[in-house]
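These notes concern the structure reproduced below.
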Amino acid sequence: MEEACSTNNSIILLYSSFPKVFLFILIPLIYLDSFYMIYIIKKRKKFDSELNIQVESCILMSRIKGVNSPMGYEQEPKKPSEEEKESYPFLQETIKAEPWSLKKMFKKAGKIAAGGLVFGLTACVGFTVVYPWMSDRFKSNPKEVTIPKDEEKLEDTQDPAKEEGTSAVTLEHYKEMHKVLCQCASAAGKGIVTLQTMNWDETSEGGQVSGAVMADNGNELLLISDNSIATTEEPVLVSFSDGEFYPVSLKKQDGNLGIAVYGVEKSILKDSTMNNTSVLKLGNSNAVEKGDPVIAIGCCMGNSDGAGYGVISSIKGTKTEADGEYGLLTTDIAGSEGQTGFLVNLEGEIIGITLKDMNGTGNLISAYAISGLKSEIEFLSNGKSVPYIGIIPAEVPEETRETTTIPDGIYVKRVEEDSPAMRAGIQSGDILSEVDGRALTYIGIYHNILMEKEKGDTVDILVKRSGNGGYEDLSFKVEIGSKE
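And the structure:
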């Protein structure tokens with residue numbers, strides 16, 4: 061089975077490099093075609109030359125036999141004398157038609173057939189090789205992917221409404237509800253794919269990860285997934301819901317969050333694949349409430365086609381990475397440790413992404429809330445690096461501010477090694493006060509400002525650093541980089 065899979069995927073890779081391989085066949089055929097054309101032209105010239113000699117001979121003979129009279133009619137032709145015959149001996153030669161031969165007829169037919177074969181083969185190979193090459197060079201530019209951002213959810217300060225009486229749930233109600241969940245999972249499954257390397261070694265790092273078809277830029281279907289296999293040198297293949305495998309190319313990855321976006325050319329996808337594939341919308345995780353029904357889909361349970369049903373058990377969790385703090389969605393669905401997948405709502409929209417380094421309590425599935433990742437995903441989808449400075453931030457609790465002299469701003473918990481922040485001179489313990497003149501009161505503002513920039517831009521960061529006489533203001537110019 062593994063040998064068959066390896067052979068199939070080798071064929072897929074050969075297909076992807078098809079123009080380069082058959083270019084070596086096309087060039088000799090073009091030369092052969094050229095030589096055949098030269099041969100035909102030479103034969104035609106020789107034939108024309110012989111024909112001209114015969115025509116000139118006929119004209120000369122007619123002039124010897126008789127000339128036009130002054131009255132416009134021809135005189136009776138004179139018979140050539142013996143002296144004239146001796147002067148023009150070539151006029152006595154008789155041109156005989158070439159005798160008909162079955163062998164020569166087959167020989168000519170063979171030449172014509174060979175010529176037609178060369179022309180046909182050249183046209184066929186030329187179309188097969190040149191057309192894909194030309195289409196790749198002159199195809200339209202991909203459309204820029206734009207992902208609408210979601211507004212942050214406001215805290216509900218009103219008292220919760222009193223629970224109304226609930227009607228009894230019968231077995232039929234439960235069956236109907238379960239049927240709806242299965243239908244939602246089946247529909248969302250058309251947008252879930254599996255990415256894996258061609259190593260086929262189960263003990264190798266990376267192995268396989270779940271991906272989701274989340275955009276179409278006109279030329280490619282874009283897939284979002286964990287970036288664990290993007291760091292390997294092995295070719296990566298994607299398996300769609302119809303079981304077909306195709307080669308993919310890495311658009312961009314972000315080593316800070318651990319996500320990557322891949323692209324698969326639509327031109328190589330079979331009709332059966334396209335007809336059974338759906339583009340999943342990135343939903344609004346800010347609107348998710350505790351207790352909402354949710355579907356975990358992908359490799360979360362250890363199998364590539366796994367699906368689990370449950371509810372959101374918590375929306376309060378966060379995970380701090382460089383330059384940001386990201387919300388977490390925790391479910392009551394049990395999953396396998398170190399696996400990848402997605403959380404989907406009943407509308408079939410992605411509301412969370414589970415990565416390899418995320419472990420819930422008691423192996424319960426947790427995921428990054430998708431709304432907090434939309435800016436990063438948009439950068440990656442368009443082949444751009446995610447802006448990176450390298451500051452691990454922390455917000456100072458209100459109680460601490462009231463009892464200490466720590467100024468307003470964002471506390472620098474740590475600065476990552478060899479990051480733009482470290483090269484600029486920012487240190488652990490500094491308080492980020494302003495970025496490009498905009499005051500920082502919480503981590504979200506700092507993150508949003510950074511997502512408005514691009515790699516290579518320069519920002520002015522004002523920090524407050526503790527000294528013997530209290531906090532002093534320091535200004536740094538930081539060139540934004542990336543972590544890939």
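Residue numbers for the sequence shown follow this note's numbering, beginning at 61 and rising by one.
Where is the CB? At the ideal position from N, CA and C, for every residue including glycine.
- If you draw a straight line from the alpha carbon of Y428 to that of A382, how long is it in whole angstroms? The residue you call residue 428 lines up with position 368 of the sequence shown. The residue you call residue 382 lines up with position 322 of the sequence shown. Distance between the alpha carbons of Y428 and A382 is about 15 Å.
- Query: Can you tell which of A248, S374, R498 and P307 has the C-alpha that lies nearest to the C-alpha of T390?
  - Reply: Position 330 of the sequence shown, counting from 1, holds the residue named residue 390. If you compare the alpha carbons of A248, S374, R498 and P307 with that of T390, the shortest gap goes to S374.
- Assigned exposure category for H238 - 16 Cβ within 10 Å defines buried: Position 178 of the sequence shown, counted from the first residue, corresponds to residue 238. Exposed, because fewer than 16 other Cβ atoms sit within 10 Å of the Cβ of H238.
- Query: In its own chain, which residues sit with a C-beta less than 8 Å from the C-beta of I72, not counting the 5 before and 5 after it?
  - Reply: Taking the first residue of the sequence shown as 1, we reach residue 72 at position 12. Residue placement at I72 cannot be trusted, given a pLDDT of 47 that sits under 50; the coordinates are not used to answer.
- Message: Would you call the segment 313-329 in contact with the segment 454-472, where contact means no fewer than 3 C-beta pairs closer than 8 Å?
- Response: no
- Item | Secondary structure, alpha helix (DSSP H): runs of 4+ residues fully inside the segment 411-476 | 434-441 and 458-463
- Query: Should Y506 be labelled buried (16 or more other beta-carbon atoms within 10 Å of its own) or exposed?
  - Reply: As a first step, residue 506 is located in the sequence shown; it is residue number 446 there, counting from the start. Buried, by the Cβ-count rule.
- At a cut of 8 Å, does the segment 357-375 reach the segment 482-496 through at least three beta carbon pairs? no
- Using only alpha-carbon positions, find the residue among P480, F439, Y471 and P202 that is nearest to G489. Translated into the one-based positions of the sequence shown, residue 489 becomes position 429. Comparing Cα positions, the closest option is Y471.
- Query: Does DSSP put D331 in a helix, in a strand, or in coil?
  - Reply: On the sequence shown, residue 331 is found 271 positions in, with the first residue counted as 1. Three-state result, D331: helix.
- Query: Which residues mark the beginning and the end of the beta strand (DSSP E) in which E381 is found?
  - Reply: Your numbering for residue 381 matches position 321 in the sequence shown. Here the beta strand (DSSP E) through E381 covers T378 to E381.
- Task: Starting from the C-beta of K250, find all residues in its chain whose C-beta is less than 7 Å away, skip the five residues before and the five after it, and write them out in chain order.
- Result: The residue you call residue 250 lines up with position 190 of the sequence shown. Same-chain partners within the cutoff: S301, N336, T337 and S338.
- Is the segment 359-369 close to the segment 442-455, with three or more CB pairs under 8 Å? no
- Which class does F78 belong to by DSSP, given the choice of helix, strand or coil? Sequence index remark: in the sequence shown, residue 78 carries index 18 (1-based). Below a pLDDT of 50, predicted positions are generally treated as unreliable, and F78, at 45, falls in that range; the measurement from the model is reported next regardless. In this structure, F78 counts as helix in the three-state DSSP scheme.
- Beta-carbon spacing of L388, T400 below 8 Å: Taking the first residue of the sequence shown as position 1, residue 388 is located at position 328. Taking the first residue of the sequence shown as position 1, residue 400 is located at position 340. Result no, Cβ atoms of L388 and T400 do not sit closer than 8 Å.
- Which ranges would you report for the beta strand (DSSP E) in the segment 477-512 if only whole runs of at least 3 residues count? 491-495
- Query: By a C-beta neighbour count over all protein chains shown, 10 Å radius and 16 as the cutoff for buried, is I502 buried or exposed?
  - Reply: Sequence index remark: in the sequence shown, residue 502 carries index 442 (1-based). Just to set this straight, residue 502 is Tyr in the shown sequence, not Ile. By the 10 Å Cβ count, Y502 comes out exposed.
- Query: Considering only residues of the same chain and omitting the five flanking positions on each side of S535, which have a CB-CB separation below 6 Å?
  - Reply: Within the sequence shown, residue 535 is the residue found at index 475, counting from 1. The beta carbon of S535 is closer than 6 Å to those of L522 in its chain, skipping five residues each way along the sequence.
- From I491 to D533, what does the alpha carbon distance come to, in whole angstroms? One-based indexing of the sequence shown puts residue 491 at position 431. One-based indexing of the sequence shown puts residue 533 at position 473. For I491 and D533, the gap between their C-alpha atoms comes out near 10 Å.
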